[in-house]
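All letters in the sequence shown, in the order written, are residues 528 to 1260 by my numbering. The structure appears right after this line, and notes come after that.
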Amino acid sequence: MDTLDRAQVVDHNFYHCIRNQNFPIPKSQTTPHDSELNKKDYLDLFHSQLVSRHLDLLARVLKEKNQGFYTIGSSGHEGNAAIARVFRATDMAFLHYRSGAFFIQRSKQKNIDYLQDQTLSLVASASDPISGGRHKVFGSVPLTIPPQTSTIASHLPKAVGMAFAITQAKSMKKMGHVPENSVVLCSFGDASFNHSTAQGALNAARWIVQNQLPLPIVFICEDNGIGISVPTASHWIEQAIAHAPHLHYIACDGRSLADVTRAASLAEKIARVQRKAVFLHVRTVRLLGHAGSDIESQYLDQMQITQTELDDPILHSSRVILENQWMTAEELIGLYETTKHTVHKKAEWAIKQPKLQSSTEIQSTIIPPKRKIQSPALPNEEQRRRAFGKQATTLQQPRNLCQTLNIALTDLMLQYSQTVLFGEDVGKKGGVYRVTADLQMRFGKKRVFDTLLDEQTILGTAMGFAHNGLLPIPEIQFLAYVHNAVDQLRGEAATLSFFSKGQFTNPMLLRVPSFAYQRGFGGHFHNDNAFGFLREIPGIVIACPYNGESAAKLLRACLQLAHLEQRVVVFMEPIARYMTKDLHQAGDNGFLCHYPPLSEMTRFDEAQCLTVGKDLAIITYGNGCYLSLQAQRRLQEDHHVEATVIDLQWLAPLPLQHLTTLLKSHRRVLIVDECRKTGSISEQLMTWMLETLTPLPKIKRRTAEDCFIPLGNAWEYVLPSMEQIIEDALSLC
Ligand SMILES: Cc1ncc(C[n+]2csc(CCOP(=O)(O)OP(=O)(O)O)c2C)c(N)n1
Ligand SMILES: [Mg+2]
């Protein structure tokens, strides 16, 4: 036996310990009888443990032969089979990557061919039912298990959101994706517990419970005492969380199926009946290192490794089976071997199944499938009268961007009864800029509410709501603060469709007050103008209006995209234009707009021409439109230069096809981009023109400097100005 290959050692230990009746000392006194586990139940759980173990051993063999691509296993954690048995297959489970036995046990509830699922997943076959070969994940639609990414702890915020969403859907009289009495399960490791995302989610859960809201969630910390190579002290988790208010702490020994069953049953009652949050602390061990590539002897003593290997949950279960005389030693070994054989047989089949074959095939799941449904009917006059009250008669008066957005949001919330709007200060205060003023009064505290101050929770809530069939409209207060939660958007929300073949989706319309040019307010963090970090996320849609009319029409299109196409949409509102009245001179009211008829909506993929002129085209968006319109007038009147001003409207994906048409008659193009030069849209537009336009027009671009925005009026030195646009246009012409 190769003692460097700990998989071989662990495999060998089973035979050796059973034959010599040499078992680890029980860590828990709970008997199967105490937790009402009969022989049949117990052997069924044991079988799931064995299948999971053999899948781990198989993964190592496949990796050696370059036929398998993932070796992070569940060995040592197989006690989680007992958790799966206690809960229902409709209890949505956001799982840790050591959940093999859980997955197998839950599969049995629904007669799912777990071996097929798991072997296809190990060999990255395109036939893998959940990710189609895109990742080795635990996920399944019939088992209500959305697949999770590798980013530890990042699934906790959405699990909290989903638990919140169960009651939310019920109180909004909406059919959720899960039954009303469901609970949510969310498992993670002991090291992951320390992650700020985990701490944020646990805090958010307690905050929600403290607000007297039901939160049927069981956090499951599978504590194997180590995170890759860094130990977790045995008292750490308990000391940190056992006495936290608004969270029931229950501990159990993960090596004992009986003890896990006892604790999970208690957790289930608290979560399902009392609708309260539970923290289930499962003490366990990790066998076979962190992954196949991890050599434990680099950071652990040989003694420690050997001792842990003998503390194997499978040996603990075997001892209980022999003590109860449910099987003989020979029968145990027989079952171990037939399970191994069955697992290997299935793998032989799986390696012959098709792999992903082309870039097109791989990319086909980035964008979720379009749903075959209609948009809900537009609100009628009576509904609008009730919602707007006295304001209803004055809706047609010209208004600024802020007021128009408020009206548009009201109409959309009337139209889409499954929408929920939330964020920091959006409720009673109506947002920092009053964009959401009166919405809570119009729609009630269930549909419009303040969250706690945590952007990860806001996006987690959005994803959780979407997982239960609601249509979230979260707000992040300023663009600069999206960074605090960007993993939730780029690592989680945007990847869900990709890693689940569009079977799980989390549509949302995220509103973000954005960009610079506020006079006398804020400095950098309230005037952040850089958003390259959002634009390169595959599948995400980014829209930006420039005035009230475009905002209303664009917002309608964005919500429709979220509803019908299940897209993750970011709507960036230029803060500096919220209150703007005038366009060319003081008192002209040239920037106020009439509210567009409800039926009017921007087309996805289309830019719009704000003016038409033959001498040059100015491509811009947001504040750039405002400045370019001013420049256009001055160019015309002072220099006889006629400019077409094109408002992109869609910042990702860019409406390039439409731009080709709009630029056809233009020999000169100026890009006005308020984003920082590096990572700005201007880079993409320049490249695209060089690659596709013939003849190539004369091109110039005006962007912000690669600098942060200073306080006071000093921003004028780093952002594009109307004067610079005129200068650039003249030099082009
Ligand atoms: C955010 C993030 N940082 C780092 C990693 C790399 N990483 C993967 S697993 C892991 C340790 C996790 O330990 P623990 O939570 O105890 O789970 P265990 O593997 O022990 O079950 C680390 C650091 C990651 N996946 N995600
Ligand atoms: Mg650990």
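Glycine is no exception: its CB is placed at the ideal position from the N, C-alpha and C atoms.
Which one of the options has the shortest CA to CA distance from residue i?
i       : options                               : result
Glu909  : Arg1203, Leu941, Pro925 and Pro881    : Leu941
Val809  : Arg580, Ser783 and Thr1219            : Ser783
Leu1110 : Glu1133, Gln1135 and Asn1150          : Asn1150
His704  : Asn1033, His843 and Val536            : Asn1033
Ser1207 : Arg533, Pro1247 and Gly971            : Pro1247
Lys554  : Ala778, Ala728, Arg733 and Thr759     : Ala778
Ala874  : Gln645, Trp1242, Leu814 and Met689    : Gln645
Ser652  : Trp876, Glu749 and Lys917             : Trp876
Val1013 : Glu982, Lys917 and Gln1004            : Glu982
Leu1212 : Gln852, His1185 and Leu1091           : His1185
Val763  : Leu814, Cys748, Leu859 and Lys972     : Residue identity differs from the one stated: residue 763 is Trp in this sequence, not Val. For the residues Leu814, Cys748, Leu859 and Lys972, the minimum Cα distance to Trp763 belongs to Cys748.
Ile744  : Phe691, Trp1242, His1167 and Asp938   : Phe691
Pro1123 : Ala1103, Asn1074, Asn1116 and Gln1159 : Asn1074
Arg1046 : His775, Asp780, Tyr1105 and Pro706    : Tyr1105
Asp750  : Ile797, Gly781, Val578 and Thr984     : Gly781
Would you grab the beta carbon distance between residue i and residue j for me? Rounded to a whole angstrom, and I think it's under 8 Å.
i       : j       : result
Ser575  : Ala628  : 5 Å
Ser719  : Ala680  : 5 Å
Val870  : Leu582  : 6 Å
Val947  : Pro999  : 5 Å
Lys637  : Val736  : The Cβ separation is near 31 Å, so there is no contact.
Gly991  : Ala728  : About 10 Å separates the two Cβ atoms, so there is no contact after all.
Glu1002 : Val1068 : Not quite, the Cβ-Cβ distance comes to about 17 Å (not below 8 Å), so this is no contact.
Phe541  : Tyr863  : 6 Å
Ala914  : Thr937  : 6 Å
His817  : Ile755  : 5 Å
Trp734  : Leu979  : 5 Å
Arg813  : Gly603  : 5 Å
Leu1257 : Val1196 : About 14 Å; that fails the 8 Å criterion.
Ala1241 : Cys1202 : Between Cys1202 and Ala1241 the Cβ distance is about 19 Å, and since that is not below 8 Å, they are no contact.
Using the C-alpha atoms, what's the distance from residue j back to residue i?
i       : j       : result
Leu793  : Asp838  : 25 Å
Phe1118 : Val805  : 53 Å
Thr671  : Ala993  : 14 Å
Ser761  : Thr835  : 14 Å
Ile822  : Arg580  : 19 Å
Lys872  : Ala620  : 29 Å
Ala732  : Ile599  : 29 Å
Val711  : Ala696  : 14 Å
Glu1063 : Glu1019 : 15 Å
Tyr1008 : Arg1038 : 12 Å
Ala767  : Ser1041 : 38 Å
Asp1115 : Asp618  : 59 Å
Leu1217 : Thr694  : 53 Å
Ala1070 : His1193 : 25 Å
Glu765  : Val787  : 17 Å
Lys867  : Ser886  : 36 Å
Gln1093 : Arg612  : 33 Å
What three-state label does DSSP hand residue i in the structure shown?
i       : result
Leu642  : helix
Leu883  : coil
Leu1143 : strand
Gln1135 : strand
Arg926  : strand
Met1099 : strand
Thr1230 : strand
Ile1000 : strand
Tyr776  : strand
Ile878  : coil
Asp1200 : strand
Lys1225 : strand
His543  : helix
Arg802  : coil
Asp583  : helix
Leu670  : coil
Trp853  : coil
Is there a Cβ from chain B that is less than 8 Å from the Cβ of residue i?
i      : result
Glu864 : The structure shown contains no chain B; it is built from a single protein chain.
Are at least three pairs of beta-carbons, each pair with one atom in the region 1076 to 1083 and one in the region 1125 to 1143, less than 8 Å apart?
Flag = yes, the region 1076 to 1083 and the region 1125 to 1143 touch.
Is the number of C-beta pairs between the region 1046 to 1064 and the region 722 to 733 that are closer than 8 Å three or more?
Touching, no, given that fewer than three Cβ pairs across the two stretches are closer than 8 Å.
Is the number of C-beta pairs between the region 914 to 926 and the region 879 to 896 that are closer than 8 Å three or more?
No, because fewer than three Cβ pairs between the region 914 to 926 and the region 879 to 896 fall closer than 8 Å, the two stretches do not touch.
May I ask you to verify whether the region 586 to 596 touches the region 564 to 575, counting CB pairs closer than 8 Å and requiring at least 3?
Flag = no, the region 586 to 596 and the region 564 to 575 do not touch.
With a cut-off of 8 Å, do at least 3 Cβ pairs link the region 1019 to 1027 to the region 661 to 676?
Taking a cut-off of 8 Å for Cβ pairs, the region 1019 to 1027 and the region 661 to 676 touch, as three or more such pairs fall below it.
At least 3 beta-carbon pairs within less than 8 Å: the region 1132 to 1144 vs the region 955 to 975:
The answer is no - the region 955 to 975 does not touch the region 1132 to 1144, with fewer than three Cβ pairs under 8 Å.
Meets three-Cβ-pair contact criterion under 8 Å: the region 1233 to 1249 and the region 1142 to 1157
With the cut-off at 8 Å, the region 1233 to 1249 and the region 1142 to 1157 touch.
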